[in-house]
Amino acid sequence: MTDLALQTWAEQNQRYLSVALAAVRQRLEPGGSDATTADDLRVLAGEMPAPPAIEALAQGFDLSSFERDLLLLCAGVELDAGIAAAVARGGGPLPTFGLALATLDAPHWSALSPARPLRRWRLVDLLDSRTLTGSPLRIDERVLHYLTGGQYLDERLAGVVEVDDGSRSLAPSHEQVADAIVAAWAAGADMSALIQLVGAEPGTARTIAAGAAERLGASLAVLSVADIPAAAREREELMRLWEREAVLGSSVLLVDCLDLDGGPAEERAALALLGHIASPVIAAIRRRLVAPRRSSVAFAVAALDG
């Protein structure tokens, strides 16, 4: 989006979020109905240059309508005085799964399963795991800011993942590679193929990856192979955080494996991450790797003459 369109979207997103929270607030009232605000939301969404943040998030993480509203309920105690007051009357200060089940439409018990999106992607935190329905629920801070239109790299990834500024021009031959990357991902529909840039120098790999990301309307972030944890639990934590960030930030990840010289353990860690991370990923490597259980498309990148 242009700067003007982005400013327009930000203003409209705030308005949309306010109306969406009003719908949740109405549900908290005895006999409350959100029919009027539901109509307002449809009108507002139709006027926006891009989807509202809550709807983009719901689609990106495949939330049910109940999970979407539960997330709004958790956001509401931070953003809406009426929701905060209603939750407090029910024993607050934070909402519970029991409150959501009793007040929101289309409730289902599986919403707080560890396998469902709210907990799998840590959109909300369950503060007392000893009781499911009575535990206070808190929205993740990164997610709360996303809903209000704020964008920044999750602080837990800072220092490990570097956001690339993308402000470079592509040589014609590298433009062709960037176009081919986008075509390879489009052919798979879900962008699941691992892209390998074989033989590319660090600057060249970044330029090509940034070009591919730009063509997709996405940003680029870079992870060095040296920063991939060797321990499986820590690596899983990193992957989960990044996979969430890839959706929230519309981002492509470049994994710089050009200095892959730490021996078998480092290569195993790199392969484990590249083979399992569920987001668009490009690897810059010296020689082609075979990642387990993942399709791969490799491009040999020659150095530019001169």
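Counting in the working numbering, the sequence shown runs from 639 upward without gaps. Just so you know, even glycine gets a beta-carbon here, dropped at the ideal spot from N, CA and C. Bear in mind the structure is a predicted one, so any value in this text is a computation, not a measurement.
| query | Looking only at C-alpha atoms, which of I833, E904 and R871 sits nearest to S862? | reply | For the purposes of this step, residue 862 is taken as residue 224 along the sequence shown, with counting starting at 1. Ranking the options by Cα distance to S862, first place goes to E904.
| Taking L739 as the reference, which of L764, A749 and H812 has the closest Cα? | As a working mapping, residue 739 is identified with position 101 in the sequence shown. It is A749.
| request: Could you name the residues of the same chain whose beta carbon sits closer than 7 Å to that of A916, not counting the 5 residues immediately before and after it, in chain order? | output: Here residue 916 corresponds to residue number 278 of the sequence shown, with the count starting at 1. Excluding sequence neighbours, A916 sits near E881.
| Going by DSSP, what residues sit across from E612 in a beta bridge? | The requested residue 612 is not part of the displayed model; the chain covers only 639 to 944.
| said: Let me confirm a value: E649 is counted as buried when at least 16 other C-beta atoms fall within 10 Å, else exposed. Which label applies? | reply: Translated into the one-based positions of the sequence shown, residue 649 becomes position 11. E649 is exposed by the Cβ-count criterion.
| field | Selected residue, minimal CA-CA separation from R794, among E883, H783, G787 and G684 | value | The residue you call residue 794 lines up with position 156 of the sequence shown. The option with the nearest alpha carbon to R794 is E883.
| field | Contained alpha helix (DSSP H) runs [length at least 4] in the stretch 779-855, N- to C-terminal order | value | 779-785, 810-826 and 840-853
| query | Can you tell which of T769, V935, T845 and F704 has its C-alpha closest to the C-alpha of R806? | reply | As a working mapping, residue 806 is identified with position 168 in the sequence shown. The option with the nearest alpha carbon to R806 is T845.
| request: Please name the residue, chosen from A796, A910, A851 and L695, that lies closest to I817 on a Cα-to-Cα basis. | output: Position 179 of the sequence shown holds residue 817. Note that residue 817 is Asp in the sequence shown here, rather than Ile. Among A796, A910, A851 and L695, the Cα nearest to that of D817 belongs to A851.
| field | Beta-carbon contacts of A929 that lie in its chain and below 6 Å, excluding the five residues immediately before and after | value | As a first step, residue 929 is located in the sequence shown; it is residue number 291 there, counting from the start. Answer for A929: L832, L909, L912 and G913, listed in chain order.
| message | Based on DSSP bridge pairs, tell me the residues matched to D894. | response | Counted from its first residue, the sequence shown places residue 894 at position 256. BP columns for D894 point to S862 and A922.
| Between the CA atoms of A941 and C712 - distance to the nearest angstrom | Locating residue 712 in the sequence shown gives position 74, where the first residue counts as 1. Locating residue 941 in the sequence shown gives position 303, where the first residue counts as 1. Going by the C-alpha atoms only, they are around 51 Å apart.
| If we call anything under 7 Å between Cβ atoms a contact, is A938 one with G787? | Residue numbering aside, residue 938 sits at position 300 when the sequence shown is read from its first letter. Residue numbering aside, residue 787 sits at position 149 when the sequence shown is read from its first letter. For A938 and G787, no; Cβs fall outside 7 Å.
| Touch test, the stretch 917-936 against the stretch 822-831, Cβ-Cβ under 8 Å, three pairs minimum | yes
| query | Within the chosen definition, does the stretch 746-762 reach the stretch 774-791 through at least 3 CB pairs nearer than 8 Å? | reply | yes
| task | Kindly indicate which three-state DSSP category S889 falls into: helix, strand or coil? | result | Residue 889 sits at position 251 when you count from the first residue of the sequence shown. Looking at S889 - three-state DSSP - the assignment turns out to be strand.
| query | How many Å lie between R758 and L644 at the Cα? | reply | Locating residue 758 in the sequence shown gives position 120, counting from the first residue. Locating residue 644 in the sequence shown gives position 6, counting from the first residue. If you draw a straight line from the Cα of R758 to the Cα of L644, it comes to about 30 Å.
| task | Compare the Cα-Cα distances from D678 to each of V657, D803 and Q834 and report the closest residue. | result | By one-based count along the sequence shown, residue 678 stands at place 40. For the residues V657, D803 and Q834, the minimum Cα distance to D678 belongs to V657.
| task | Quick one: give me the first and last residue of the beta strand (DSSP E) that A938 is part of. | result | In the sequence shown, counting from the first residue as 1, residue 938 sits at position 300. It spans S934 to A938 - the beta strand (DSSP E) in which A938 sits, taken as one unbroken run.
| request: Go ahead and pull the three-state DSSP assignment for P755. | output: As a working mapping, residue 755 is identified with position 117 in the sequence shown. DSSP places P755 in helix when its eight states are reduced to three.
| For L808 versus V801, is the C-beta distance shorter than 7 Å? | Start at 1 with the first residue of the sequence shown, and residue 808 comes out as number 170. Start at 1 with the first residue of the sequence shown, and residue 801 comes out as number 163. Contact: no.
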